[in-house]
Amino acid sequence: MCTYYDLNKTPGQSQKITVRKDKFLFLDDTSIQQSLISFKDARQTHITFYLPQMHCSSCLWLLEQLHRLHEGVISCKVNFERKEADIIFDHDKISLRQVAELLTGIGYEPYISYNDMGKKKRVIDRKKIFRLGVAGFCFANIMLMSFPEYLGIDDKEESLLIFFRYLNLFLSLPVFFYSAGEFYTSAWNALKQRFLNIDAPIVLAIWVTFARSLYEVFTATGSGYFDSMTGIVFFMLAGRVLQDRTHRQLNFDRDYTSYFPVAVTRIKEEGNSTVTLPDIQLNDTLLIHHQELIPADGIITRGRALIDYSFVTGESLPVAKEMGEIVYAGGKQVGGNIEILVIKEVAQSYLTRLWNKDVFNQSSQTESSFVHGLSRWFTWVVFAIALIAGIYWTIFDTSRSWNAITAVLIIACPCALLLSNTFTNGNILRRLARNQFYLRHATVIEKMASIDTIVFDKTGTLTASTEMEVVYDGKPLSASLKQKIATLAAQSTHPLSKGIAAWAGAPLTNPFLAFEEKPGKGIEGMVDGDLITLGSALFITGKPQQDDASTVYVAVEGQLLGRFRFRNHYRQSVPMLLRRLQQHFRLAIVSGDNDGELPYLRKLLGPLAALHFHQQPEDKLEVLQQMQQDGHRVLMIGDGLNDSGALKQADVGVAITDNSNNFTPASDAIIEASALPKLFELIRLCKLNRKIVMAAFIISIVYNIVGLYFAVQGTLSPMIAAILMPCSSISILLITFGLSNLAARRLKLS
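No gaps in the numbering here: position 489 of the sequence shown is 489 in UniProt numbering, and each next residue is one more.
Pasting the structure below:
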């Protein structure tokens, strides 16, 4: 694969293949557009296309340069494993139909199903199967017709020998012109864009073999190499079909992007319930709290929305939406509670892809540039080796030159080399996801393997927010005031606010509400004419708290009424987990709570652990910065509410979820509370990933070196080379999957 790409030399020159004008005319229909797009605002539209023609890693770089081919394309990000392209375009400069035509013009026609418009189905390329069938039929018959010559035919049957040669020529034509068409199209489209892909040397090998065969038949100097030519095409096609099917089978329902671990409140007549995203159905009514993620496209049915679409577009300016307007998945409500009617199925993989976007993750660029730099010269090196081998054997032994040239062109394959890391990381991500630990990107695996310090938040992380006891001390609260307190507390997703809301009872159904939540301090708002404040003692009274209890104070119109005391229950697995971790890592607690439980935590964590209490969000950030300045690589685990800055600052930020929607894009990973006991094993698996990647990389290098060693000597048949090339990628895939699965089983992970 060589991405020797230079559009800048001809920036104004059209390089597209002509596409029939009415081919994608249906994409101008507004209703069809709405069913396909994932986001649209006044300037940009987001869509994901499934591209079946994407078959090797050389396709990735070209597609991600789509913005160079048309100024209306803002970006194109490719998921190679899923054969999908996430495209953002300016709909004032280019239409959806023109985007589809642009992709088709460079050889990647998007698959769009009328019958299943909302779902991305995996489709089998039937043309490839037909080409494979034709190539197999012709190859088998050419081998059969060549048996007399293999065995040595009598000179008396010279006329029969000539007949068989011309019959083989006739049988080779469908293979050359039809079955090999996929390679021609791919190589030609790449040349149109001024770069060479992995199909270029294969096409050259086919042409050279066919031309040499024609010469020998027409000059009666030999029988040609029609068996080799058709064998090359057949085995290359068979290898690609097998590779696609193997990859599809290994990925079926196991993709780490197929589940997004947040929960949401669903409203029904019998009452509200917390459900995970797979349980959301069309026409469900969802309650979206302040700072919660919108999981699916919907219409606002109650409340006024103020949507932060920075997760989708990177722009943080909130957008106001009224009742009856559409809100898109991926937005975050930064106002009061709203209700939405779901109008489009939940696309959890879409939310995961948003999480992986470069706007939040720049570290992948180094790895990507390395791959492109390595691949840039690969095809040129292959051509050079083939040329040198051909010249050498032409001088010293002409009988070997033919095999040397064609075998070198066919057997060298960068895909196994370049994709070994991708295959390994992909399966590790799936194994982690199977154990309720979800990483935003493969580069996080490497960061996880390097950590030496683990920092925990306390409330909602080490303690179970669903099991806390709430006690109120203070002036009596009327039933109406309790409702107002419940209404205000329900706007926040903080564990203590949830506890107060559950204690106070049902909130008001249609209140006049305006509020502001201050992370690390509290929440204040007007609820049906009353100014209610919930928060810390310092936030409400201006004085620090005197005792060690976990408390939230309540005031109405500036007058302190009382306080809520909370008795935290540590998760059952926490003591054993902390004891295991302290044997291998430096541990710390960074909490906004008081130090009332310091003796208990000191006993669990040991004398060397750093325990920080009364920490505001900015204080947590400073603690992590100091650790990093001291040379430590830090993993931070928090609930994502008051510690989003710390999660972003950490080398690896992990948000813990416990049937909640407190997702923060700043985190590098999400772990379900039930998986916290397996944290040590999950980190160990990430560390073992390094060894697996190295093993796969070494195997890939050995394959190319050994293959080229025999190829340049002229001892390797082109047909055998055609069998080995696709087998290399398949073997790397199977080896990496096998080793990573074995490592997970040894760690007793599911």
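Cβ atoms here follow ideal geometry from the backbone N, Cα and C, with glycine treated the same way. Keep in mind that this is a model prediction, so the values were computed, not measured.
Count the other C-beta atoms from every protein chain shown that fall within 10 angstroms of the C-beta of residue i, then say buried if there are 16 or more, exposed otherwise.
i    : result
P295 : buried
I391 : exposed
I705 : exposed
V208 : buried
M323 : exposed
L144 : exposed
D92  : exposed
G107 : buried
I670 : buried
W393 : buried
F177 : exposed
F147 : exposed
M694 : exposed
W380 : exposed
V471 : exposed
T398 : exposed
L688 : buried
R440 : buried
H584 : exposed
Only counting the same chain, and skipping five residues up and downstream in sequence, which positions put a Cβ closer than 6 angstroms to that of residue i?
i           : result
G12         : With a pLDDT of only 34 at G12, under the threshold of 50, the placement of this residue in the model should not be trusted; the figure read from the coordinates follows. So the list is empty, once near-sequence residues are dropped.
I540        : T533, Y553 and A555
F183        : D199, I202 and V203
residue 802 : The chain is shown only over 1 to 750; residue 802 falls outside these bounds and no answer can be derived.
F210        : F176 and M229
I88         : Q44, H46, I74 and S75
L733        : F423
Y328        : F39 and D297
Between residue i and the rest of its own chain, which residues show a CB-CB distance below 8 angstroms, the 5 nearest in sequence each way excluded?
i    : result
M719 : D227, S228, G231, I232 and F235
Q483 : A504, G505, A506, P507 and L508
L611 : A588, I589, D595, L598, L601, R602 and L605
K475 : L561 and G562
E516 : I523, E524 and G525
T715 : R400 and N403
V342 : I280, Q281, L282, N283, D284, T285, L286, A296, D297 and G298
For residue i, which residues from the same chain have a beta carbon less than 7 angstroms from its beta carbon, with the 5 sequence-adjacent residues on both sides left out?
i    : result
T487 : P507, L508, P511, L513 and V527
Q53  : G107, Y108 and E109
V712 : I385, A389, A404 and V408
Just to check my reading of the structure: residue i and residue j have Cβ atoms closer than 8 angstroms, yes? What is that Cβ distance to the nearest angstrom?
i    : j    : result
D643 : D457 : 6 angstroms
Q333 : I299 : At roughly 14 angstroms, the Cβ-Cβ gap does not stay under 8 angstroms, so Q333 and I299 are not in contact.
Q625 : Q649 : 6 angstroms
L63  : C76  : 6 angstroms
D86  : T48  : 5 angstroms
D651 : L676 : Not confirmed; about 19 angstroms, so no contact.
A489 : A479 : Between A479 and A489 the Cβ distance is about 16 angstroms, and since that is not below 8 angstroms, they are no contact.
Residue i to residue j, Cα distance in whole Å?
i    : j    : result
H289 : A135 : 60 angstroms
P174 : D29  : 40 angstroms
R431 : L682 : 9 angstroms
P278 : V264 : 11 angstroms
S674 : L577 : 13 angstroms
I735 : C727 : 12 angstroms
L742 : R131 : 38 angstroms
A389 : W402 : 10 angstroms
A384 : Y709 : 14 angstroms
S213 : Y225 : 5 angstroms
S369 : W61  : Note that S369 scores a pLDDT of 46, beneath 50, so its modelled location is shaky; the value from the coordinates is reported in the next line. Spanning the two alpha carbons is a distance of roughly 10 angstroms.
E292 : L286 : 11 angstroms
Y111 : L237 : 21 angstroms
H569 : A646 : 24 angstroms
I338 : N79  : 34 angstroms
L581 : F680 : 7 angstroms
T276 : V702 : 46 angstroms
I723 : V382 : 18 angstroms
Q33  : E71  : 21 angstroms
G426 : I485 : 47 angstroms
S273 : Q491 : 16 angstroms
A449 : V312 : 29 angstroms
Exercise. In chain order, which continuous runs of the alpha helix (DSSP H) of length 4 or greater are located wholly inside the segment 552-600?
Worked result: Within the segment 552-600, the alpha helix (DSSP H) runs of at least 4 residues that lie entirely inside it are, in chain order, 574-581.
Problem set entry | Whole beta strand (DSSP E) elements within the segment 434-521, 3-residue minimum | You should have 437-439, 453-456, 469-474 and 513-518.
Problem set entry | Sequence ranges, alpha helix (DSSP H) only - wholly within the segment 18-83, length at least 4 | Taking only runs of at least 4 residues, the alpha helix (DSSP H) segments lying wholly in the segment 18-83 are 30-36, 58-63 and 66-69.
Problem set entry | Whole alpha helix (DSSP H) elements within the segment 249-333, 4-residue minimum | DSSP runs (the alpha helix (DSSP H)) wholly in the segment 249-333: 310-313.
Problem set entry | Unbroken stretches of the beta strand (DSSP E), 3 residues or longer, contained in the segment 615-673 | The qualifying runs are 634-638, 652-657 and 669-672.
For this session: Write down every uninterrupted run of the alpha helix (DSSP H) in the segment 160-206 whose length is 4 residues or greater and which is fully enclosed by it, in chain order.
Result: Correct list: 181-192.
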